[in-house]
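Notes follow the structure.
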Amino acid sequence: MDKKETKRQVGEMLDAGRSKTETFQAFSGGALKDKALAYLIGSRPDPDLIERHAGKIKILLGLIYVQALIGLVGGYFLGLTISTGFAIGLGLFAGGVPLLFAWGFYRNAAHAYTVYVVLSISQVPRMFKEYGDDPTGTVIGVAITLAMIFYVAWLKNLLFPDLGFFGAKKIKGQFVFSN
1 MDKKETKRQV GEMLDAGRSK TETFQAFSGG ALKDKALAYL IGSRPDPDLI
51 ERHAGKIKIL LGLIYVQALI GLVGGYFLGL TISTGFAIGL GLFAGGVPLL
101 FAWGFYRNAA HAYTVYVVLS ISQVPRMFKE YGDDPTGTVI GVAITLAMIF
151 YVAWLKNLLF PDLGFFGAKK IKGQFVFSN
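When you line the sequence shown up against UniProt numbering, it's residues 1 to 179, in that order.
Right under this line is the structure:
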C-alpha cells in the first residue's frame, strides 16, 4: 500500500469512528513512517472540538482580519515612500499574508497554527529596533504580538490535543492519542 492510499484509509477509519490509537496501530510500520502517521492522525480536525471551540476560532479570524487590514493600509503607506506601484504591491502582500493564515485557520489546518506561531516569534526581536524612538509604542506592539502568539498556540492545543509544538506527542517513546 502506498502513502496516498494509507492517508485515504486513515481518513476513512477516523471518519468511521475508530479510535486514533487503534488507527495508529493498524497502519504502524506501513508505507508511512510512524512519526508521519502519528502527525497525520493528530492533525486531523475533530468535529466535536471544532464545534466546542467555534467561538474562539471566530475571534481568531476576526483578529486576523484586523491584522490584514492594518497590513494592507500600513504596507500601502510605507510603499508610497518609494512609488505608487510599489505601494500597491506592498499593501497587497502585507494584507494577503494574514489572509492566508485566516484561510488555514478557517480550514482547521494544524500546520497553519504552527507556522503562524513560529513566524510571529521570529519577528519579535525585529520589533525592538524602534524601541529608542518610541518605547511605549514598541512595548504595546510587542504585547499585542505576544498575546496573539499565546492565543493561537492555546487554541491549537485545544483543537489538536494530540500534537506537540512541531509533531505528535510522545510519552516514554510512544505516540499517545486522546480518544
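Just so it is clear, CB atoms sit at the ideal spot from N, CA and C, and this is done for glycine as well.
For K20 and G42, what's the separation of their Cα atoms in angstroms? 8 Å
Cβ shell of P45 (< 6 Å), same chain only, five flanking positions each side left out: N108
Residue-chain proximity (I171, chain B), Cβ-Cβ < 7 Å: Any reference to chain B falls outside this structure, which holds one protein chain only.
When you compare the CB positions of L72 and G91, do they come within less than 7 Å of one another, or not? yes
Below 7 Å CB to CB, which residues in the same chain sit around E130 once its five sequence neighbours on both sides are set aside? T138
Restricting to Cα atoms, I'd like to know which of D34, Y116, V10 is closest to L146. Y116
Spatial neighbours of H53 within its chain, please: CB distance less than 8 Å, with the 5 preceding and 5 following residues excluded, ordered by chain position. L155, L158, L159
Kindly identify the DSSP beta-bridge partner or partners of A168. L163
With three or more C-beta pairs closer than 8 Å as the rule, is the stretch 118 to 129 touching the stretch 6 to 17? no
Inter-residue Cα distance where the pair is L14 and Q174: 20 Å
Once DSSP output is grouped into helix, strand and coil, what is the label at residue 180? Within the shown structure, residues of the chain are numbered from 1 to 179, placing residue 180 beyond reach of any answer.
For the stretch 74 to 82 against the stretch 99 to 114, do three or more pairs of beta-carbon atoms, one drawn from each stretch, fall closer than 8 Å, so that the two count as touching? no
In whole angstroms, give me the CA-to-CA distance for I171 and A26. 19 Å
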